[in-house]
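Quick notes on the structure that follows.
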Amino acid sequence: MTKNTMFAFIVASVLFSTVMFNSNSFAEPAESQTIITPINNSIGIEKTTMQMFISKDNKLPWGFVEGKISNHVEGYPVIIQIYDNDELIAGNNVGAVQFAQIPVNEDGSYEYKFRVLDSNSGKIMHIFDGSYTVKVFKVVYLNPNLVVI
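Following this line, the structure appears as C-alpha cells:
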C-alpha cells in the first residue's frame, strides 16, 4: 500500500469516527481541542477542533486558517474542514461548507485562504458569516525527540 493510499484510508477512518462520535484570522485558539490518533509506532494524525465566528458586518474579502507544526511528517498535507454551525446536516451535527488539502512548508507552516465576501455586479455577497467549526488534521511524529535512522 502506498504512503498516499494509507494516508487517505486513515483520514477517511478518522473522519468516519468524527461523524459517528462528534462532540463539539476568527478562530479562538483558547477554545480549541486537540486529539492525536496513532497510525503506527512513530506517526499519528493530530486533529485540532476550534470555533470560528465571522461577523455579518465583516468588510474583509478573505479569511484564512494558518499554523505551524513543530513535528510534522514530510510529504503529508494538512486537511482543513470548515463546518457551518447554523446549517446542520441531520446525523452530523454540523453543516459541510468547505474542505481543503494544503501543503506544509519546509518549516512546518501552512496557510489556507478562503473568500469571505464576493462581489457580483457591484453587489456584495457574504459567503461566510456566523458560527463555524474548523477541524485541522496534521500528520505528526508521536515521539519527535527520537532520532530515526
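Counted the way numbering that gives the first Met the number 0 counts, the sequence shown spans residues 0 to 148. Just so it is clear, CB atoms sit at the ideal spot from N, CA and C, and this is done for glycine as well. Note that this is a predicted model, so its numbers are computed, not measured.
Ranked by Cα distance from residue 125, the first of 55, 104 and 135 is 55. The shortest C-alpha to C-alpha distance from residue 134 to any of 81, 121 and 41 is the one to 81. In this model, residue 115 and residue 36 are separated by some 32 Å (Cα to Cα). Looking at 113, 119 and 69, the one whose alpha-carbon comes closest to that of residue 142 is 69.
Within 10 angstroms of the beta-carbon of residue 44 lie 16 or more other beta-carbons, which makes it buried. When the Cα atoms are used, residue 74 and residue 67 turn out to be separated by approximately 15 Å.
Of 71, 109, 129 and 102, the smallest CA-CA separation from residue 63 is found for 109. For residue 65, the secondary structure class from DSSP, reduced to helix, strand or coil, is strand.
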